[in-house]
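Below you'll find the structure, written out as structure tokens, and then a few comments.
In the working numbering, the protein residues as written are -2 to 296.
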């Protein structure tokens, strides 16, 4: 059995809209075995077991002009036992290295390197070292001030709280700095946090990282480690990220029938990952797992 989950950015869907969709599909020879609202007028599941490719194409065409996100998958292993989430530009709205750079008036130089790295034009490790060197001398108090400005993407806490409530393990796997990651992890109640250690001396940034550097291959390795340490299958994991340094983790998750999600992602990620969130928020990952709105752990 296959299921396609459609999540809208507003209440534009309703029962008559769904009836029209069913009629249009019927005219094209497609038959659905059932459907249900996950949230009235906002999110729905549609089930089918025949003409899978044709049905997926129908959904892409039917909703082409709508502000919706569409996730199609096998129904097996749908509710995941673990989530591995990137942090910057995924769980939170900021790229903290860029925020430090702006405060030091080095924003344009560092943002250019960041953009190239996230698009896969520069090796992540080399790009990270280039940017860190530009931060040398930044005072520790600056990091503290910037940490207070971090803001979650909509749905981040609901996503973690709901999955934890249902027994899932929640890990943050970031190429950012542990100084910030640990604070976000504490607020989300993450079970584990992975990231890079920014070296400090005399309450100032040195301009170097503690080895080993956590890059794209390390993220993939953590994904593999999660399967072993949590005694779960690859298909039991959802991975979410936005940049090129997330690609190895996302691609392997996708190849192993897990749920790999490109969240407002860079073009290089969208090209290789089939499940995109471009219009809605992080709670779409819950709908994709079959959770109905009333099951969410609302803050």
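Ideal Cβ placement from N, Cα and C applies to all residues, glycine included. Remember, predicted model here, so these are calculated numbers, not experimental data.
Using three-state DSSP, classify residue i as helix, strand or coil.
i           : result
residue 266 : helix
residue 193 : strand
residue 293 : coil
residue 50  : helix
residue 66  : strand
residue 288 : coil
residue 152 : coil
residue 5   : strand
residue 177 : helix
residue 212 : coil
residue 230 : coil
residue 92  : coil
residue 43  : strand
residue -1  : strand
residue 259 : strand
residue 28  : coil
residue 223 : helix
residue 134 : coil
residue 22  : helix
Given a threshold of 16 other Cβ atoms within 10 Å of its Cβ, counted over all protein chains shown, does residue i qualify as buried or as exposed?
i           : result
residue 18  : buried
residue 233 : buried
residue 146 : exposed
residue 183 : exposed
residue 172 : buried
residue 50  : exposed
residue 138 : exposed
residue 157 : buried
Could you please give the first and the last residue of the uninterrupted beta strand (DSSP E) stretch that includes residue i?
i           : result
residue 82  : 79 to 82
residue 31  : 31 to 36
residue 85  : Counting along the chain, residue 85 falls outside any beta strand (DSSP E), and DSSP gives it neither H nor E.
residue 273 : 272 to 274
residue 238 : 234 to 238
Contact check, residue i vs residue j under 8 Å by CB: the rounded distance?
i           : j           : result
residue 151 : residue 67  : The pair is not a contact, with the Cβ atoms about 19 Å apart (cut-off 8 Å).
residue 168 : residue 187 : 6 Å
residue 12  : residue 39  : The pair is not a contact, with the Cβ atoms about 13 Å apart (cut-off 8 Å).
residue 30  : residue 44  : 5 Å
residue 117 : residue 241 : 4 Å
Rank the options by C-alpha distance to the C-alpha of residue i and give the top, closest one.
i           : options               : result
residue 131 : 29, 36, 107 and 267   : 107
residue 263 : 255, 273 and 285      : 273
residue 196 : 225, 275, 118 and 133 : 133
residue 64  : 5, 135, 72 and 281    : 5
residue 80  : 277, 42 and 162       : 162
residue 87  : 251, 239 and 246      : 239
residue 170 : 113, 244, 112 and 36  : 244
Where do the ends of the alpha helix (DSSP H) carrying residue i lie?
i           : result
residue 201 : First-last for residue 201: 201 to 206, but that is the beta strand (DSSP E), not the alpha helix (DSSP H).
residue 142 : 137 to 144
residue 247 : 244 to 252
residue 325 : Past the edges of the chain, shown from -2 to 296, lies residue 325, and the structure says nothing about it.
residue 125 : 121 to 130
residue 104 : 104 to 115
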